[in-house]
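Enquirer:
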DNA sequence: TACTATTTGTTCGTATGTATA
DNA sequence: GTATACATACGAACAAATAGT
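Protein chains in written order, with UniProt numbering: chain A, 1 to 136; chain B, 1 to 136.
See below:
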């Protein structure tokens, strides 16, 4: 599979699909670095801008993480800690605002879970490390 | 408050912070269109690229939505439907992959909630229209 | 320590396409 | 049909962080 210039699907989205499928297929191993942006742009014959947009899309899905000076890596899903939803409690999921995300030291593309207790208090948990449970 | 070119914080992130605060403060009303990208770039004295990156950041937070040919709008939070977490059930939150997001007709910056039942079945709900509850 | 090479981040410029009003 | 506005795509230059020499 490769990039189709005549497709109505944007190049960067096609590229994101290719890389995503590569991750699902195990072609790119979790925790391992992807090829550099320049390498990807040469391999697929697209501009660096398209590569960066594709990687940004995958970051927003929580599939890869990028740090300055290092190649992007396939994100390793962390272990989940069980949190009980209390009787009479409610929970919602939302994306954190950027300053909040940085404050909580969370990766891009990771939602937060807000647990609202009957007494009015609220707990916020990182969505990638949390599993909401209700005992049987 | 305005843009500080000498700050270590990138221009687009500063701009995103300004617009976000403007939304929180009610300066930009929910459902109303923001100024156009060109207008914003002139008002704040930054490049259009910085404006687009700022808006992309706010979209990824589910704070604004953008459609081609129209100015970006402050997103209106939809009503939430209550979904009961069943006894013995588990729930996680994650970002949908782009094709899945398009398939489900969801806005950018909106997570999904996966509810896993004890019998092994799974339900997927849009995070902006769902509230997970446990009866008292 | 210092230096170099690699890599990602930011910013600007330019052009073209596509959808809306 | 025209004007406005957002989307895509390429190139280029420089900054900043990393890793290794």
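Every residue gets a Cβ at the ideal spot worked out from N, C-alpha and C, and that includes glycine.
#1: Measuring CB atoms only, is the stretch 17-29 of chain A touching the stretch 6-21 of chain B, in the sense that at least three cross pairs come out at less than 8 Å?
#2: What's the call for residue 138(A), buried or exposed, on a 16-neighbour Cβ count within 10 Å?
#3: May I have the straight-line CA-CA distance separating residue 100(B) from residue 37(B), to the nearest angstrom?
#4: Measuring only between beta-carbons, confirm whether residue 95(B) sits less than 8 Å from chain A.
#5: Would you kindly work out how many angstroms separate the C-alpha atoms of residue 125(A) and residue 81(A), rounded to a whole number?
#6: I want to see whether chain B comes within less than 8 Å of residue 135(A), judged by CB atoms only; does it?
#7: Using a Cβ cut-off of 8 Å, pull out every chain A residue sitting near residue 92(B), in sequence order please.
#8: Determine the direct distance from the alpha carbon of residue 11(A) to that of residue 5(A), and round the result to whole angstroms.
#9: Leaving aside the five residues before and after residue 116(B) along the sequence, list all residues of the same chain whose C-beta is less than 8 Å from its C-beta, in chain order.
#10: Ends of the beta strand (DSSP E) at residue 99(A)?
#11: Please tell me whether residue 87(A) and residue 112(A) are closer than 8 Å, where the distance is taken between their beta carbons.
#12: Residues of chain A with a CB under 9 Å from the CB of residue 10(B): which are they?
#13: Listing by chain order, which chain A residues have their CB less than 7 Å from the CB of residue 113(B)?
#14: What are the boundary residues of the beta strand (DSSP E) that includes residue 25(B)?
Expert: Let me spell this out:
#1: No: the two stretches stay apart, fewer than three of their Cβ pairs being nearer than 8 Å.
#2: Lying outside 1 to 136, the shown extent of chain A, residue 138(A) is not represented and no answer is given.
#3: Residue numbering aside, residue 100(B) sits at position 100 when the second chain is read from its first letter. Residue numbering aside, residue 37(B) sits at position 37 when the second chain is read from its first letter. Straight across, the Cα-Cα distance linking residue 100(B) with residue 37(B) is about 28 Å.
#4: Taking the second chain and counting its residues from 1, one reaches residue 95(B) at position 95. Proximity of residue 95(B) to chain A, defined by a Cβ-Cβ separation below 8 Å, is satisfied.
#5: On the first chain, residue 125(A) is found 125 positions in, with the first residue counted as 1. On the first chain, residue 81(A) is found 81 positions in, with the first residue counted as 1. Each residue's Cα considered, the two are about 10 Å apart.
#6: On the first chain, position 135 is the one that residue 135(A) refers to. Interface flag for residue 135(A) against chain B is set, since a Cβ pair is found closer than 8 Å.
#7: Reading the second chain from its first residue, position 92 is the one you call residue 92(B). Within 8 Å Cβ-Cβ: 80, 127, 130, 131 and 132.
#8: Within the first chain, the letter at position 5 stands for residue 5(A). Within the first chain, the letter at position 11 stands for residue 11(A). Their Cα atoms are separated by approximately 7 Å.
#9: In the second chain, the residue the question calls residue 116(B) occupies position 116. So the list reads 89, 90, 91, 92 and 122, once near-sequence residues are dropped.
#10: Counting from 1 along the first chain, the entry for residue 99(A) is found at position 99. Taken as a continuous stretch (DSSP letters only), residue 99(A) belongs to no beta strand (DSSP E), being part of the alpha helix (DSSP H) at 98-103.
#11: Here the question's residue 87(A) lines up with position 87 in the first chain. Here the question's residue 112(A) lines up with position 112 in the first chain. Annotated as distal: residue 87(A) and residue 112(A), with beta-carbon spacing of 8 Å or more.
#12: Translated into the one-based positions of the second chain, residue 10(B) becomes position 10. Within chain A, no residue has its CB atom less than 9 Å from the CB of residue 10(B), the nearest being about 11 Å off.
#13: For this step, residue 113(B) is matched to residue 113 along the second chain. Those are 93, listed as they occur along chain A.
#14: To locate residue 25(B), count along the second chain from 1; it is residue 25. Careful: residue 25(B) lies outside any beta strand (DSSP E) and carries neither H nor E.
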